[in-house]
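Contents: one structure, followed by commentary.
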Amino acid sequence: GNSVTQMEGPVTLSEEAFLTINCTYTATGYPSLFWYVQYPGEGLQLLLKATKADDKGSNKGFEATYRKETTSFHLEKGSVQVSDSAVYFCALRTNAGKSTFGDGTTLTVKP
Amino acid sequence: GAGVSQTPSNKVTEKGKYVELRCDPISGHTALYWYRQSLGQGPEFLIYFQGTGAADDSGLPNDRFFAVRPEGSVSTLKIQRTERGDSAVYLCASSPGGSSTADTQYFGPGTRLTVL
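Quick note, the sequences are listed as chains A and B, same order. Residues 2 to 112 (our numbering) are what the first sequence spells out, left to right. Residues 2 to 117 (our numbering) are what the second sequence spells out, left to right.
In structure tokens form, the structure reads like this:
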């Protein structure tokens, strides 16, 4: 079956530090890949996505590249802000229905 | 515009009771999804509707769980004979078409269910 493995947290960084959150996956077929973010007290929202190999998704300074050869979709940001503190979820879909999520990585950015 | 809404936001019930959780998707979205999220874990798929019909209910854990979407809009997740292990946040999501793996799913704020 499909599965997503995320870097375990929590991750604590200082403002303006470089962020990487690792995500690897196992899937049958050709998945679309997603990063979702959940800010404190809010619902899950899509951060970025990529639908085929070598695609790069980007949003709000975050980027992730769909690497089929390493089955990875690592999330990066060059300079984090306090407002980026949240829980980040990596997810995949191989059909039009369900998404399979990782367990989430909590990021705390300190001023 | 209005997003996905879920009611109630919190529900506390006793073991063995019946509960209903409601989801109002974004207007015009044909696809609707239910997920369950336990503390410290990612959302776990329960069921997916395309229109009025359940296209995939493979995630429902047992026959105590049932969901309906009779008019292709609002959906209700029903849990019979609740157990303490059912305690979790139940998330609803909707998407415009549901026919593509790239279709964006829009999530509601969730219903926190606590079974005492």
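Note that beta-carbon positions come from the ideal geometry of N, C-alpha and C, so glycine has one too. All values reported here derive from a predicted model rather than from experimental measurement.
Only counting the same chain, and skipping five residues up and downstream in sequence, which positions put a Cβ closer than 6 Å to that of residue i?
| i | result |
| --- | --- |
| V88(A) | Q39, G105 and T107 |
| L22(B) | L78, Y91 and T112 |
| T8(B) | R23 |
| L34(A) | A51, Y67, F74 and L93 |
| A54(A) | Y67 and K69 |
| S39(B) | A89 |
| G52(B) | T31 and G73 |
Quick one: Cα of residue i to Cα of residue j, how far?
| i | j | result |
| --- | --- | --- |
| V116(B) | F90(A) | 26 Å |
| A94(B) | A103(B) | 14 Å |
| L47(A) | K12(B) | 26 Å |
| A65(A) | K79(B) | 38 Å |
| A92(A) | L92(B) | 15 Å |
| D25(B) | E72(B) | 12 Å |
| S101(B) | T52(A) | 10 Å |
| E43(A) | P110(B) | 6 Å |
| K78(A) | E16(A) | 12 Å |
| L114(B) | G41(B) | 15 Å |
| A89(B) | F50(B) | 21 Å |
| S80(A) | V110(A) | 10 Å |
| V5(A) | R37(B) | 16 Å |
| A18(A) | P112(A) | 11 Å |
| K16(B) | D64(B) | 16 Å |
| G30(A) | T95(A) | 6 Å |
| S74(B) | L45(A) | 21 Å |
| D56(A) | S96(B) | 22 Å |
| S28(B) | G98(A) | 19 Å |
| P41(A) | S10(B) | 15 Å |
| G2(A) | G54(B) | 24 Å |
On a Cα-Cα basis, can you pick out the residue from the options that is closest to residue i?
| i | options | result |
| --- | --- | --- |
| V20(B) | R70(B), T105(B), E84(B) and P71(B) | E84(B) |
| W35(B) | A3(B), K16(B), G41(B) and P62(B) | P62(B) |
| F66(B) | P9(B), G54(B), V5(B) and R82(B) | R82(B) |
| H30(B) | L114(B), G41(B), S10(B) and Y107(B) | Y107(B) |
| S100(A) | A28(A), D56(A) and P41(A) | A28(A) |
| K18(B) | S96(B), G54(B) and D87(B) | D87(B) |
Between residue i and the rest of its own chain, which residues show a CB-CB distance below 7 Å, the 5 nearest in sequence each way excluded?
| i | result |
| --- | --- |
| L49(A) | W36, G58, S59, N60, F63 and A65 |
What does a CB cutoff of less than 8 Å around residue i pick up in its chain, not counting 5 residues either side in sequence?
| i | result |
| --- | --- |
| S76(B) | R23, C24, P26, L33, W35, F50, A68, V69, R70 and C93 |
| T14(B) | V20, T83, L114, T115, V116 and L117 |
| F102(A) | V5, Y37, F90, C91 and A92 |
| L14(A) | L20, V81, L108, T109, V110 and K111 |
| G98(B) | T31, A32 and D104 |
| request: Count the C-beta pairs between the segment 43-51 of chain B and the segment 75-86 of chain A that are closer than 8 Å, then say yes if the count reaches three, no if not. | output: Because the criterion of three Cβ pairs below 8 Å is not met, the segment 43-51 of chain B and the segment 75-86 of chain A do not touch.
| Taking three-plus beta-carbon pairs below 8 Å as touching, is the segment 23-38 of chain A in contact with the segment 59-75 of chain A? | yes
| Does the segment 3-10 of chain A come close enough to the segment 48-62 of chain B that 3 or more CB-CB pairs lie under 8 Å? | no
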